[in-house]
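J.:
Numbering (my numbering), first residue to last: 9 to 486.
1. Out of 361, 203, 310, 224, which one is the CA nearest neighbour of residue 374?
2. Quick check on the burial criterion: 16 or more other C-beta atoms within 10 angstroms. Buried or exposed for residue 56?
3. Once the 5 residues before and after residue 149 are set aside, which same chain residues still bring their CB inside 7 Å of it?
4. Please go through the same chain and pick out, in chain order, the residues whose beta-carbon is closer than 7 Å to the beta-carbon of residue 240, but skip the five residues on each side of it.
5. Contact check, residue 113 vs residue 51 under 8 Å by CB: the rounded distance?
6. Going residue by residue through the segment 86–122, where are the continuous alpha helix (DSSP H) segments of at least 4 residues, counting only ones entirely within it?
7. Once DSSP output is grouped into helix, strand and coil, what is the label at residue 136?
8. With a threshold of 8 Å, are at least 3 pairs of Cβ atoms found where one atom belongs to the segment 445–457 and the other to the segment 403–421?
9. Tell me the rounded alpha-carbon separation between residue 256 and residue 82.
10. Can you tell me whether residue 268 is helix, strand or coil according to DSSP?
11. Which residue from 345, 368, 323 puts its Cα closest to that of residue 358?
12. In this structure, does DSSP put residue 368 in helix, strand or coil?
13. Rounded to the nearest angstrom, what separates residue 16 and residue 97 at their Cα positions?
14. If you run the structure through DSSP and keep just helix, strand and coil, what is residue 311?
15. Rounded to the nearest angstrom, what separates residue 313 and residue 408 at their Cα positions?
16. Starting from residue 227, follow its DSSP beta bridges and name the residues at the other end.
17. With 16 as the cutoff for other CB atoms within 10 Å, does residue 438 come out buried or exposed?
18. Of the residues 267, 253, 320, 299, which one's Cα is nearest the Cα of residue 287?
19. Tell me whether residue 153 is buried or exposed, calling it buried when 16 or more other Cβ atoms sit within 10 Å of its Cβ.
20. Do you know how far the Cα of residue 73 is from the Cα of residue 128?
21. Helix, strand or coil: which one does DSSP assign to residue 457?
22. In terms of alpha-carbon separation, which member of 316, 307, 352, 309 lies closest to residue 329?
23. Apart from the five residues just before and just after residue 459, which ones in its own chain have a Cβ nearer than 6 Å to its Cβ?
24. For the segment 268–281 against the segment 422–441, are there 3 or more C-beta pairs whose distance is under 8 Å?
25. For residue 443, is the classification buried or exposed, using 16 other Cβ atoms within 10 angstroms of its Cβ as the cut-off for buried?
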């Protein structure tokens, strides 16, 4: 709902470009560490109060307060925010960070409503069910029926980008996908998001419904723990990569996901479109032979009396179990035995994401619009509790990532990310399995929606103020 009710200083348009939202303009000082944002002076909150720089400062400082327990704290902790004037805000960073403008899409909340509430109670505040924002729609009523909820909103006629074309907007939740499909088929709802591929395929046969697959800014990877006993050898990791059949994996999910080959996504700055990987079982076997792993009678390779066994860990969901089982079969063909461990969400977060207790980790990561993947691949993050899940350490990759995130010139950043991807391919710390997608289905009379790559399902609302519903005029005779 945040995209309907709130705005950030910046936003991504339907072409994936960062453009002003509550901001009128923004610039970065010569030191490349201070951003100055000039705000629009024609914005009001839904209660009629004026939007000012104080709201921005309040929002960021509330995120920075540990008592708020915000999931955004890490990204804002070291940023100094100030309001030089009523309609100007400055952000000072401890060092240059090229991806910082992406953070300015953070939704802004009203100081005049929330400033008297203690940060520790904001999570349970009545504001969460009766929000006041600056966005194109105004929250009216939240209804609950069993496990399902319905939020009703009306258009904000004073919206600074122009009043929405729709008079009202209703968001509904459903207990399962079948219930959502039925509501769409019966025209109880106009559109639905996040439908399983099997349901989406059925709906696509209905000419009155339009189905779109929208790529998300996230990917699923098989992370090889590069300091694990048998995975320290690049040849072993490369053999796992070369024996992996991408098309077989995608068929498992009925084309629900998009192919992924690199640590960057196709829409990101610096993406290497020439990065290609073909399945080559013979080459994989040759690499393992060269590494001293000899095939035994039981079909499992061994070296110095030890079998080539690897423990693959993932969370216990149907998709991940299906993926892990297929990889197990593929790698068995080259003499690698996989011991599969499916964990509950709590166990997975503690022992896998927290302690890095695995040889191979199957996991989906969020990559965001900016290609700053420092957290996932830089050696400084290669430790339990951090996000370099391969615990990969490469001086060449580090240097490329360091420069790419601390320089603002797109051409230079592109070159550095190309170098990083080359090193990633050579060192094989992981396999890029697939890019996640979400499915959006809508009746043909719903117009204006533009499918765009998204960080989450809510990004489908990027241009919601332009959406319309075509209606038919019916002439009744007396």
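We put the beta carbon where it would ideally sit given N, CA and C, even for glycine.
T.: Concretely, from the data shown:
1. Numbered from its first residue, the chain shown carries residue 374 at position 366. Cα-wise, what sits closest to residue 374 is 224.
2. The count along the chain shown starts at 1 and reaches residue 56 at position 48. So residue 56 ends up on the exposed side.
3. Here residue 149 refers to the residue found at position 141 when the chain shown is read from its first residue. If we look at residue 149 and ignore the five residues flanking it on each side, its Cβ neighbours are 160.
4. Along the chain shown, read from residue 1 onward, the residue named residue 240 stands at position 232. The answer, listed in chain order, is 234.
5. Working through the chain shown from its first residue, we reach residue 113 at position 105. Working through the chain shown from its first residue, we reach residue 51 at position 43. With a Cβ gap of about 16 Å, residue 113 and residue 51 do not count as contacting.
6. 108–111, 119–122
7. In the chain shown, the residue the question calls residue 136 occupies position 128. Helix, per DSSP.
8. no
9. Here residue 256 refers to the residue found at position 248 when the chain shown is read from its first residue. Here residue 82 refers to the residue found at position 74 when the chain shown is read from its first residue. Near 38 Å, if we compare the C-alpha coordinates of residue 82 and residue 256.
10. For this step, residue 268 is matched to residue 260 along the chain shown. In the structure shown, residue 268 sits in coil (DSSP, three-state: anything other than H, G, I, E or B).
11. For the purposes of this step, residue 358 is taken as residue 350 along the chain shown, with counting starting at 1. Ranking the options by Cα distance to residue 358, first place goes to 323.
12. For the purposes of this step, residue 368 is taken as residue 360 along the chain shown, with counting starting at 1. Three-state result, residue 368: strand.
13. As a first step, residue 16 is located in the chain shown; it is residue number 8 there, counting from the start. As a first step, residue 97 is located in the chain shown; it is residue number 89 there, counting from the start. Rounded to whole angstroms, residue 16 to residue 97 spans 13 Å at the Cα level.
14. Against the chain shown, residue 311 aligns to sequence position 303. In this structure, residue 311 counts as strand in the three-state DSSP scheme.
15. In the chain shown, counting from the first residue as 1, residue 313 sits at position 305. In the chain shown, counting from the first residue as 1, residue 408 sits at position 400. Using only the alpha carbons, I get a separation of about 40 Å.
16. Here the question's residue 227 lines up with position 219 in the chain shown. DSSP, once it has assigned bridges, lists 373, 443 as partnering residue 227.
17. Here residue 438 refers to the residue found at position 430 of the chain shown. Per the 10 Å Cβ criterion, buried.
18. As a position in the chain shown, residue 287 is number 279, starting the count at 1. Minimum Cα distance to residue 287 is reached at 253.
19. Here residue 153 refers to the residue found at position 145 of the chain shown. Residue 153 comes out exposed.
20. Position 120 of the chain shown, counting from 1, holds the residue named residue 128. Position 65 of the chain shown, counting from 1, holds the residue named residue 73. Taking the straight line from one Cα to the other gives about 9 Å.
21. The residue you call residue 457 lines up with position 449 of the chain shown. Three-state DSSP puts residue 457 in coil, outside helix and strand.
22. One-based indexing of the chain shown puts residue 329 at position 321. Nearest of 316, 307, 352, 309 to residue 329, Cα basis: 352.
23. As a working note, residue 459 is residue 451 in the chain shown. 220, 222.
24. yes
25. Counting from 1 along the chain shown, the entry for residue 443 is found at position 435. Counting Cβ neighbours within 10 Å, residue 443 comes out buried, since at least 16 surround it.
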